[in-house]
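Start counting the sequence shown at 78; every next residue gets the next number (this note's numbering). Since the structure comes first, as structure tokens, the remarks are kept for the end.
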Amino acid sequence: MKKNTKTIYACQSCGYQAPKWLGKCPDCGQWQTFVEEYQGAKTPGSSIEGLLSAQREPVRIDEIEFDAEERISTGIGEFDRVLGGGLVPGTMILLGGEPGIGKSTLMLQALCSLAGKGLKVLYVSGEESIKQIRIRSRRLSAESPGLLVVSEIDIEAILSMAVNVKPDVLVIDSIQTMYCPDLSSAPGSVSQVRESAMKLMLLAKKTNLPTFLVGHVTKDGAIAGPKLLEHMVDTVLYFEGDRNHVFRILRAVKNRFGSTNEIGVFEMKEKGLDEVPNPSAAFLSERPLNSPGSIVTASMEGTRPILVELQALAGSTNFGTPRRTILGLDHNRVALLVAVMEKKLGMHLMGYDIFMNVAGGVKVDEPAVDMGIIAAVASSFLDRPVSEGSVVLGEVGLTGEVRAISHAETRVMEIKKMGFKRCLLPESNLKRMAKIDDIELAGIKNISGAMELLF
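Quick look at the structure:
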């Protein structure tokens with residue numbers, strides 16, 4: 078062990094530190110997560126504070142100059158939508174996702190687009206060599222003279238490089254591979270991730286450098302490393318999708334400079350990611366017509382209505398306890414709605430296995446699709462398709478009533494645009510809505526009335 082180093086034990090789940098090993102973390106409650114780490118004395122002059130000069134005196138807030146429109150467009154419309162209109166100078170963005178989902182591809186394409194506008198961008202990879210990056214960029218046709226790449230994991234070397242090169246945008250791929258010489262622990266440990274992210278944040282804020290940190294996720298879907306990492310950055314993005322499907326969803330779970338309700342939709346192709354400006358058409362392109370168990374509903378993602386197909390399959394069970402397999406929907410919500418159907422519609426579903434899926438591999442989590450879930454299960458149970466060209470909307474309560482939903486008119490306009498001729502929606506929404514031509518609107522008060530209109 079080096080001189081002037083001390084031993085600590087850090088929780089690999091939340092970053093909590095203790096002077097001795099503990100079986101259970103007192104902060105997050107996880108078991109067997111403490112790992113021994115070594116902290117060395119800091120090398121004088123090695124920290125970024127010595128590389129940057131910054132004003133440290135407090136100033137009056139009304140004297141601070143800024144440009145409200147000073148955002149940098151990535152050149153990718155779906156990406157800009159999620160960010161809130163583009164990159165804010167000095168912002169720090171954490172992008173997480175499962176291995177192979179397309180995080181590095183998205184970053185490379187965005188950087189190439191920015192470089193094509195005359196900006197100088199720096200891509201730092203701790204996972205690939207520069208030749209490997211070149212091979213991938215050629216496949217993606219993402220090559221531009223303004224795109225600088227380097228393979229490096231030493232955070233001090235990266236900071237010095239950024240100060241000397243003065244890029245307009247910086248990408249670190251990935252934060253879990255960065256190594257701080259001040260610490261004796263291995264790359265990827267809680268202390269290494271925390272210290273590296275802290276230094277990069279200081280760089281971003283002092284130089285107004287937009288910085289992306291690409292992060293790995295755990296088996297539970299959370300970004301690996303200390304929770305402090307998500308608190309430290311300005312924006313946290315998740316890149317979601319099933320690798321067996323072509324669609325990818327970019328979602329913001331934290332955004333200091335924009336909404337967390339917007340999503341960006343991409344399609345993975347041979348030459349990289351393509352934007353999907355009309356997700357509704359993409360998700361419904363292969364929908365079978367007049368098929369029992371299939372229903373179309375409208376979900377709101379921020380200000381954007383998206384039509385999705387809900388599929389249900391109800392079949393007699395061979396087990397004492399029937400199975401409930403749910404993909405893309407909240408499992409507890411579906412279980413609640415099935416119980417309402419049994420009580421209010423008299424459907425004996427306890428003897429049936431129920432499987433539900435949102436076509437296209439997307440996830441939907443809002444009460445406005447409750448009626449769609451009930452209609453899909455009922456259609457499969459009765460083995461009867463819903464009325465042709467119908468879309469159903471509405472939140473369902475425990476007594477079987479259909480409650481009002483938000484943005485009803487926006488959803489109906491999207492339904493009309495996609496060519497559907499009939500929409501069932503809560504009666505309370507219909508009363509407040511102006512007449513819309515070329516689509517039949519039917520109000521529903523409860524699920525019993527909805528069944529009469531659908532079948």
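Idealized CB from N, CA, C, for every residue including glycine.
- Query: Considering only C-alpha positions, which residue in the set H408, I450, D460, G392 is nearest to M427?
  - Reply: Within the sequence shown, residue 427 is the residue found at index 350, counting from 1. Its Cα nearest to that of M427, the residue G392 stands out among H408, I450, D460, G392.
- C-alpha distance - G177 paired with I513, whole-angstrom precision: Indexing the sequence shown from 1 puts residue 177 at position 100. Indexing the sequence shown from 1 puts residue 513 at position 436. Each residue's Cα considered, the two are about 44 Å apart.
- Query: If I524 sits next to L387, beta carbons under 8 Å apart, how far is it from one beta carbon to the other, in whole angstroms?
  - Reply: Sequence index remark: in the sequence shown, residue 524 carries index 447 (1-based). Sequence index remark: in the sequence shown, residue 387 carries index 310 (1-based). In fact, because the Cβ distance is near 15 Å, the residues do not count as touching under 8 Å.
- Query: Should L171 and I300 be called a contact, given that it needs their Cβ atoms to be closer than 8 Å?
  - Reply: In the sequence shown, counting from the first residue as 1, residue 171 sits at position 94. In the sequence shown, counting from the first residue as 1, residue 300 sits at position 223. The answer is yes: Cβ separation under 8 Å.
- Query: In chain order, what residues of the same chain lie with their CB nearer than 8 Å to the CB of S123, ignoring the 5 residues before and after it?
  - Reply: The residue labelled residue 123 in the question sits at position 46 within the sequence shown. For S123, the pLDDT reaches just 49, beneath the cut-off of 50, and the residue's location in the model is therefore unreliable, although a value from the coordinates is still provided. The answer, listed in chain order, is E233, P258, D259.
- Inter-residue CB distance, A359 and F324 (contact presumed, cutoff 8 Å): Here residue 359 refers to the residue found at position 282 when the sequence shown is read from its first residue. Here residue 324 refers to the residue found at position 247 when the sequence shown is read from its first residue. Contact between A359 and F324 is confirmed by a C-beta separation of about 7 Å, below the 8 Å threshold.
- Query: How would you label T288, buried or exposed, when you count the other beta carbons within 10 angstroms and need 16 or more for buried?
  - Reply: Here residue 288 refers to the residue found at position 211 of the sequence shown. By the Cβ neighbour-count rule, T288 is buried, with 16 or more other Cβ atoms within 10 Å of its own.
- Item | Buried versus exposed, by CB contacts within 10 Å (16 or more), I372 | Numbered from 1 along the sequence shown, position 295 holds the residue referred to as residue 372. Answer is buried; the Cβ neighbour count reaches 16.
- Item | Residue interval of the beta strand (DSSP E) (run including S376) | Working through the sequence shown from its first residue, we reach residue 376 at position 299. Note, S376: beta strand (DSSP E), 371-378.
- Message: Is it buried or exposed, K97, if we count other Cβ atoms within 10 angstroms and call 16 or more buried?
- Response: One-based indexing of the sequence shown puts residue 97 at position 20. With fewer than 16 other Cβ atoms within 10 Å, it is exposed.
- Less than 8 Å separating the beta-carbons of M448 and V479? As a position in the sequence shown, residue 448 is number 371, starting the count at 1. As a position in the sequence shown, residue 479 is number 402, starting the count at 1. Yes, these two residues count as a Cβ contact at 8 Å.
- Proximity to V473 [Cα-Cα], best of S218, G496, E504: Stepping through the sequence shown from its first residue, residue 473 is reached at position 396. Relative to V473, the option among S218, G496, E504 whose CA is nearest is E504.
- Message: Distance check for I451 and P399, CA to CA, integer angstroms please.
- Response: Counting from one through the sequence shown, the residue named residue 399 turns up at place 322. Counting from one through the sequence shown, the residue named residue 451 turns up at place 374. Computed Cα separation, rounded: 18 Å.
- Item | Residues of its chain near V227, where Cβ-Cβ distance is below 6 Å and the 5 sequence neighbours each way are ignored | As a working mapping, residue 227 is identified with position 150 in the sequence shown. Only V201 meet the Cβ criterion.
- Item | Pairwise C-alpha distance: E142 and V385 | Within the sequence shown, numbered from 1, the residue matching residue 385 stands at position 308. Within the sequence shown, numbered from 1, the residue matching residue 142 stands at position 65. Between the alpha carbons of V385 and E142 lies a distance of about 45 Å.
- Message: Taking CB distances under 8 Å as the criterion, tell me whether L188 reaches chain B.
- Response: Looking at the structure shown, chain B is missing, and only one protein chain is on hand.
- Item | Among E491, L518, A485, H484, the one whose alpha carbon lies nearest that of C500 | By 1-based counting over the sequence shown, the position of residue 500 is 423. The shortest Cα separation from C500 among E491, L518, A485, H484 belongs to L518.
- Given T295 as reference, the closest of M510, C91, I516 once Cα atoms are compared: In the sequence shown, counting from the first residue as 1, residue 295 sits at position 218. Checked all of M510, C91, I516; the closest Cα to T295 is C91.
- Query: Is the stretch 203-223 close to the stretch 234-253, with three or more CB pairs under 8 Å?
  - Reply: Cβ pair count under 8 Å is three or more, so yes.
- Do P365 and S456 have their C-beta atoms closer together than 8 Å? In the sequence shown, residue 365 corresponds to position 288, counting from 1. In the sequence shown, residue 456 corresponds to position 379, counting from 1. Going by C-beta atoms, P365 is not nearer than 8 Å to S456.
- Task: Specify, as a first and last residue, the run of the alpha helix (DSSP H) that M275 falls within.
- Result: Translated into positions along the sequence shown, residue 275 becomes position 198. Per DSSP, M275 belongs to the alpha helix (DSSP H) from 267-284.
- Terminal residues of the continuous beta strand (DSSP E) containing N314? Locating residue 314 in the sequence shown gives position 237, counting from the first residue. Sequence check: residue 314 is Leu here, not Asn. For L314, the enclosing beta strand (DSSP E) stretches over residues 312-317.
- Item | Where the alpha helix (DSSP H) through R158 begins and ends | Here residue 158 is taken as the residue at index 81 of the sequence shown, counted from 1. 154-160 is the span of the alpha helix (DSSP H), which, as asked, contains R158.
- Task: Could you say if the stretch 323-338 and the stretch 430-442 meet the contact criterion of at least three C-beta pairs nearer than 8 Å?
- Result: These segments touch.
- Determine the contact status of L224 and L188, defining contact as a CB-CB distance below 8 Å. In the sequence shown, counting from the first residue as 1, residue 224 sits at position 147. In the sequence shown, counting from the first residue as 1, residue 188 sits at position 111. Taking the C-beta atoms as reference points, L188 is found nearer than 8 Å to L224.
- Nearest-angstrom Cβ-Cβ length linking L461 and I431, presumed shorter than 8 Å: Here the question's residue 461 lines up with position 384 in the sequence shown. Here the question's residue 431 lines up with position 354 in the sequence shown. According to the sequence provided, residue 461 is Arg. The question's Leu does not apply to it. Here R461 is actually not in contact with I431; their C-beta atoms are around 17 Å apart, not less than 8 Å.
- Message: Going by DSSP, what residue range makes up the alpha helix (DSSP H) through D447?
- Response: Within the sequence shown, numbered from 1, the residue matching residue 447 stands at position 370. Its alpha helix (DSSP H) spans residues 447-459.
- Message: According to DSSP, E472 sits in a beta bridge with which residue or residues?
- Response: The residue given as residue 472 occupies position 395 in the sequence shown. Beta-bridge pairing links E472 to R480.
- Item | Delimiting residues of the beta strand (DSSP E) encompassing Q107 | Numbered from 1 along the sequence shown, position 30 holds the residue referred to as residue 107. Premise fails: Q107 is in no beta strand (DSSP E) and is neither H nor E.
- Extent of the continuous beta strand (DSSP E) to which L384 belongs: Taking the first residue of the sequence shown as position 1, residue 384 is located at position 307. For L384, the uninterrupted beta strand (DSSP E) segment begins and ends at 381-393.
- Where does I492 land, buried or exposed, given buried means 16+ other C-beta within 10 angstroms? The residue you call residue 492 lines up with position 415 of the sequence shown. Per the 10 Å Cβ criterion, buried.
- Can the beta-carbon of E317 be found less than 8 Å from the beta-carbon of A329? Within the sequence shown, the letter at position 240 stands for residue 317. Within the sequence shown, the letter at position 252 stands for residue 329. Not closer than 8 Å, so no.
- Pull up the DSSP beta-bridge partners for Q209, would you. Taking the sequence shown and counting its residues from 1, one reaches residue 209 at position 132. Here Q209 is not bridged, per DSSP, to any residue.
- Message: Between A485 and N506, how many whole angstroms is the CB-CB distance? I'm expecting something under 8 Å.
- Response: Within the sequence shown, residue 485 is the residue found at index 408, counting from 1. Within the sequence shown, residue 506 is the residue found at index 429, counting from 1. With 8 Å as the limit, A485 and N506 qualify as a contact, their Cβ atoms being about 4 Å apart.
- Going by beta carbon distance, what residues of the same chain come within less than 8 Å of G167, once the five residues before and after it are set aside? Residue numbering aside, residue 167 sits at position 90 when the sequence shown is read from its first letter. Scanning its chain for C-beta atoms nearer than 8 Å, with the 5 sequence neighbours on each side dropped, one finds around G167 the residues A281, K282, T284, N285, L286, P287, in chain order.
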